[in-house]
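**Q**
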Amino acid sequence: MKKIWWKEAVVYQVYWRSFYDTDGDGYGDLQGVIEKLDYIKDLGIDVIWLNPCYESPDKDNGYDISDYQKIMRKAGNVGTWETLLKEVHKRGMKLIMDLVVNHTSNQHPWFLESRSSKDNPKRDWYIWKDPVEGKEPSNWRSYFTPSTWEFDEKTEQYYFHSFAIEQPDLNWENEEVREAIYDMMRFWLDKGIDGFRMDVINLLAKIPGFPNVDTPENINYLGNNPGIHTYLKEMNEQVLRHYDVMTVGEIPFVTPEDGLKYVGENRNELHTLFHFEVADDMPTWDMLKFKEIQTRWYEGLFPKGWNSQFLNNHDHTRQVTRYGNDGEYRVQSAKLLATMIHTLPGTPYVFQGEEIGMTGVRFDSIDDYNDIAMKNKYHEEISKGRDPQEVFESLLALSRDNSRTPVQWNAKENAGFTTGEPWIKINPNYKSINVEQALEDPDSVYYYYKKLIGLRKEHEVMVYGTFEDLSGNDESLYVYTRSLNNVTWLVILNHSNIENVCTVPDKFANNDKRLIIANYPDVENNIANSFTLKPHEARIYEIK
Ligand code: ISL
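The UniProt record's numbering puts the sequence shown at residues 1 to 544.
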């Protein structure tokens with residue numbers, strides 16, 4: 001079978017502004033990433049995904065770019081960035097950057113020109129429409145605001161924005177826009193990066209004419225529109241196919257069938273994708289729903305295309321809080337979730353701090369939060385007369401800031417993240433949950449992640465094995481196999497706060513079993529055909 005590096009890799013996501021601050025300004029920086037590369041390498045990581053560090057007014061934490069080819073001062077400068085790339089490569093790792101080309105900042109020179117007059121040569125680089133009956137051209141909601149349309153007094157037209165008003169969408173129908181983006185991609189690829197994570201790449205094409213929709217709040221009309229595949233094929237033809245790179249598309253609101261149109265092996269579009277069925281459709285853990293999603297994506301995608309496995313990132317809150325147990329069973333739960341993500345089909349992603357079981361956070365006031373999505377929603381709801389405290393509390397669980405609190409390096413002031421005033425508060429549990437503690441504890445979440453990642457390098461079955469769910473309709477037991485070349489691994493997960501009896505699938509009843517890894521101590525090697533699992537217990541057996 002053909003071995004492919006981005007299928008075999010484990011990716012570590014660095015949200016640099018919360019990673020490690022070396023100049024005391026309260027923000028993490030690229031020099032901080034450089035100084036922690038050995039920590040990332042020692043975990044067994046192959047690829048680093050760096051969130052946007054380009055010049056930006058920072059309204060959406062770097063996802064509102066005002067110069068694609070300059071490094072944001074908070075992060076460092078191009079020299080620091082080049083040192084980072086060199087040091088990543090020196091350690092045998094790869095670096096992928098964030099490609100945010102659905103929109104720019106409203107401070108990007110392209111937009112400043114476009115908005116300056118109706119006949120400016122760059123007017124058509126963005127999407128401008130006349131008012132309809134004195135109002136917005138259509139009834140569409142954006143991700144972050146009640147309307148996708150913002151009125152510009154000077155030229156008396158509306159411009160389109162899928163996210164904040166500070167993030168005007170580029171007009172991908174305009175070939176000049178596409179060429180400018182392709183040039184920018186070559187700029188970074190020629191510096192030697194190893195690929196791109198592509199921000200909301202399915203939104204580039206819009207429904208022609210922007211017609212009104214029946215349910216504006218159900219915003220998936222923003223994505224997967226005709227024309228997107230033409231753009232991606234052109235991007236591949238003009239740029240990507242000329243480099244040995246990895247491309248992972250962030251594609252909210254997509255089904256397996258649609259997903260395969262982006263990552264099918266002969267499509268010449270993307271290599272793999274993040275779909276959001278779990279992140280968006282599962283506010284709390286629902287094992288039956290999760291199993292159904294995983295099976296549908298396996299059957300819909302493999303082996304013609306490739307998936308990515310993650311439960312949290314900088315937009316989706318900490319997995320052990322949202323989907324597991326961040327209290328009594330935090331350590332076991334963090335290890336169980338990791339076992340699942342690293343043994344399900346697809347490339348696994350580790351979001352910074354996940355490897356020590358960092359948790360979500362509950363700050364006291366909306367003023368303690370930074371996330372534009374949360375704050376826009378808060379102000380939108382209280383403007384309707386709703387009780388501010390009730391609105392605030394309703395937004396806490398899914399606030400993106402749950403994942404954006406600084407990495408907890410030690411139990412010292414500011415968790416060792418900064419000597420300055422942190423840009424966002426540190427999670428108060430840093431005194432007990434931190435890297436220093438994890439490195440001193442042989443049973444920590446960290447060493448479990450390190451072992452899991454190590455297994456992936458030794459056993460191809462974790463990467464290329466077929467997948468079969470054997471757990472039926474049990475609401476907390478997830479039992480499945482991965483099989484490759486006569487090697488079969490049986491993964492057994494008790495996703496619950498209580499003990500659970502597990503019966504070995506009949507077809508393995510007479511086989512010997514060899515324990516590969518477990519998240520509790522003193523687990524028996526060979527198991528009886530029916531045995532009891534502790535709360536949040538995870539085991540992997542090789543079927544002999
Ligand atoms: O954050 C979300 C819900 O609150 C997600 O729906 C997210 O907005 C969506 O997945 C797109 O995310 C990406 O694009 C945004 C940026 O704010 C996110 O950080 C980025 O991951 C606009 O660029």
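For each residue, glycine too, the CB sits at the ideal point set by N, CA and C.
#1: State the Cα-Cα distance for the pair residue 203 and residue 132, rounded to the nearest angstrom.
#2: Could you check whether the region 312-319 touches the region 462-476, counting it as contact only if at least three pairs of C-beta atoms, one from each stretch, sit closer than 8 Å?
#3: For residue 103, list the residues DSSP reports as bridge partners.
#4: Using three-state DSSP, classify residue 349 as helix, strand or coil.
#5: Give me the Cα-Cα distance between residue 538 and residue 527, rounded to the nearest whole angstrom.
#6: Quick test of your reading: residue 273 and residue 259, contact by CB under 8 Å. State the CB separation rounded to the nearest angstrom.
#7: Would you tell me roughly how many angstroms separate the C-alpha atoms of residue 264 and residue 511, rounded to the nearest one?
#8: Report the partner residues of residue 148 according to the DSSP bridge assignment.
#9: Roughly how many angstroms lie between the CA atoms of residue 233 and residue 359, to the nearest whole one?
#10: Does the separation of the CB atoms of residue 283 and residue 467 fall below 8 Å?
#11: Which one or two residues does DSSP pair with residue 531 in a beta bridge?
#12: Short check: CB of residue 558 to CB of residue 490, under 8 Å?
#13: Using a 10 Å radius around the Cβ and a threshold of 16 neighbouring Cβ atoms, would you call residue 299 buried or exposed?
#14: What residue from 462, 109 and 261 has the CA that sits closest to residue 3's CA?
#15: Under the rule that 16 or more other beta-carbon atoms within 10 Å means buried, what is residue 74, buried or exposed?
#16: Is the beta carbon of residue 169 sitting closer than 8 Å to the one on residue 99?
#17: Just checking residue 373 against the ligand ISL - is the residue's beta carbon closer than 7 Å to any of the ligand's heavy atoms?
#18: Identify every run of the beta strand (DSSP E) within the region 283-354, keeping only runs that are complete inside it and at least 3 residues long; order them along the chain.
#19: Start and end of the beta strand (DSSP E) containing residue 25?
#20: Are residue 500 and residue 536 close, meaning C-beta to C-beta below 8 Å?
#21: When you compare the CB positions of residue 166 and residue 64, do they come within less than 8 Å of one another, or not?
#22: Using only the alpha-carbon positions, how far apart do residue 419 and residue 426 sit?
#23: Could you check the C-alpha separation between residue 422 and residue 27 for me, to the nearest Å?
#24: Counting only runs that start and end within the region 13-73, where is the alpha helix (DSSP H) found for 4 or more residues in a row?
#25: Do residue 357 and residue 453 have their C-beta atoms within less than 8 Å of each other?
#26: Nearest to residue 193 by alpha carbon, out of 405, 88 and 111?
#27: Assuming contact is defined by CB atoms lying nearer than 8 Å, are residue 6 and residue 97 in contact in what I supplied?
#28: How many angstroms separate the CA atom of residue 220 from the CA atom of residue 142?
#29: Between the region 144-157 and the region 36-54, can you find at least three pairs of beta-carbon atoms closer than 8 Å?
#30: Residues in the same chain with beta-carbon distance under 8 Å from residue 518, minus the five sequence neighbours each way, listed in chain order, please.
#31: Would you identify the three-state DSSP class for residue 466, choosing helix, strand or coil?
#32: In angstroms, rounded to a whole number, what distance separates the CA positions of residue 545 and residue 332?
#33: Which residue wins for smallest C-alpha separation from residue 553, given the options 294, 304, 303 and 302?
#34: Three-state secondary structure (DSSP) at residue 369?
#35: Count Cβ pairs between the region 391-408 and the region 372-382 that sit closer than 8 Å; are there 3 or more?
**A** From the atom records:
#1: 23 Å
#2: no
#3: 169
#4: strand
#5: 14 Å
#6: 6 Å
#7: 37 Å
#8: None, per the DSSP bridge assignment.
#9: 40 Å
#10: no
#11: 502
#12: Summary: the structure shown does not reach residue 558, with the chain confined to residues 1 through 544, and so no result is reported for it.
#13: exposed
#14: 462
#15: buried
#16: no
#17: yes
#18: 306-309 and 347-351
#19: Taken as a continuous stretch (DSSP letters only), residue 25 belongs to no beta strand (DSSP E), as it is neither H nor E.
#20: no
#21: yes
#22: 12 Å
#23: 6 Å
#24: 30-35 and 37-43
#25: no
#26: 88
#27: no
#28: 10 Å
#29: no
#30: 537, 538, 539 and 540
#31: strand
#32: The chain is shown only over 1 to 544; residue 545 falls outside these bounds and no answer can be derived.
#33: The shown model of the chain, from 1 to 544, leaves out residue 553, and the question about it has no answer.
#34: coil
#35: yes
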